[in-house]
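Residue 2 is where the sequence shown starts when you use the working numbering, and the numbers rise one by one after that.
The structure appears below as structure tokens.
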Amino acid sequence: MISLTVVAVDEKTLALTGIPPLLAQCLFELPEILRRRETPGIRDRLYQVPRPDDPKAAAEWHEMADPELRHLFASAEETVSRDLTGLHEDHVRFPAAHLPAWMTALNQARLILGEAHRVTDADMERTDLNPATDPKDRALLQIHVLGFLLQRLVEHSQSHA
């Protein structure tokens with residue numbers, strides 16, 4: 002049974018407690034995953050345009066949105082990486098104000114892993130994973146584990162809004 006919980010330590014601090022070893026390993030690798038965001042295929046996935054059929058609109062969109070997205074992604078990476086320096090065996094504390102950065106970083110990491118390993122909808126349904134020998138299976142496991150944490154953070158955010 003997984004006992005991962007998000008708790009408010011006080012008004013300004015959150016704690017993730019009951020972090021299982023697999024999630025701790027994923028969190029340890031998170032900054033490295035996030036640094037891959039500017040890889041060409043991955044970059045295209047993260048900086049999608051709303052109207053890819055219109056080259057002029059796409060160019061305008063990239064000119065307007067990309068700098069802000071780049072800043073948002075880099076800021077989330079820096080914030081979460083800094084927070085993760087306090088990662089202990091099964092818990093980590095971080096400022097409650099950093100919750101949006103955590104959600105952004107986790108979502109971004111899942112997209113990066115999915116694009117880097119060409120994960121399909123069918124792959125996401127698989128249960129026969131062998132992460133020890135197959136890099137795609139390892140990525141799938143990481144996507145699911147990070148998604149579980151993201152779900153917990155979103156639930157906490159919604160219940161404390």
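C-beta: ideal position from N, C-alpha, C; glycine also.
Bear in mind the structure is a predicted one, so any value in this text is a computation, not a measurement.
Out of the options, point me to the one whose CA is closest to residue i's CA.
i      : options                       : result
Ala77  : Gly87, Arg44 and Leu107       : Leu107
Gln109 : Glu90, Asp91, Asp45 and Ala59 : Asp45
Leu72  : Leu85, Arg38, Asp91 and His89 : The residue you asked about is not Leu; residue 72 is His in the sequence shown. The shortest Cα separation from His72 among Leu85, Arg38, Asp91 and His89 belongs to Arg38.
Arg111 : Ala97, Lys137 and Leu88       : Lys137
Glu116 : Ser4, Ala98 and Leu141        : Leu141
Leu25  : Arg153, Ala133 and His89      : Correcting the residue type first, residue 25 is Ala in the shown sequence and not Leu. Nearest option by C-alpha distance: His89.
Leu47  : Glu12, Leu85 and Asp67        : Asp67
Ala9   : Val93, Arg119 and Asn131      : Val93
Cβ atoms of residue j and residue i: under 9 Å apart, would you say?
i     : j      : result
Leu28 : Leu150 : yes
I believe residue i touches residue j by the beta-carbon criterion, under 8 Å. Please report the beta-carbon distance rounded to the nearest angstrom.
i      : j      : result
Val114 : Ile144 : At residue 114 the sequence reads Leu, which differs from the Val that was named. Their Cβ separation, rounded to whole angstroms, is 5 Å, which keeps Leu114 and Ile144 in contact under 8 Å.
In the DSSP assignment, find the alpha helix (DSSP H) that holds residue i and state where it starts and stops.
i      : result
Arg94  : No alpha helix (DSSP H) holds Arg94; the beta strand (DSSP E) holding it covers His92 to Pro96.
Asp124 : Asp122 to Glu126
Identify whether residue i lies in helix, strand or coil by the three-state DSSP scheme.
i      : result
Val81  : helix
Thr105 : helix
Ala133 : coil
Val50  : coil
In the DSSP assignment, the beta strand (DSSP E) including residue i goes from what residue to what residue?
i      : result
Ala162 : Per DSSP, Ala162 belongs to no beta strand (DSSP E) and is neither H nor E.
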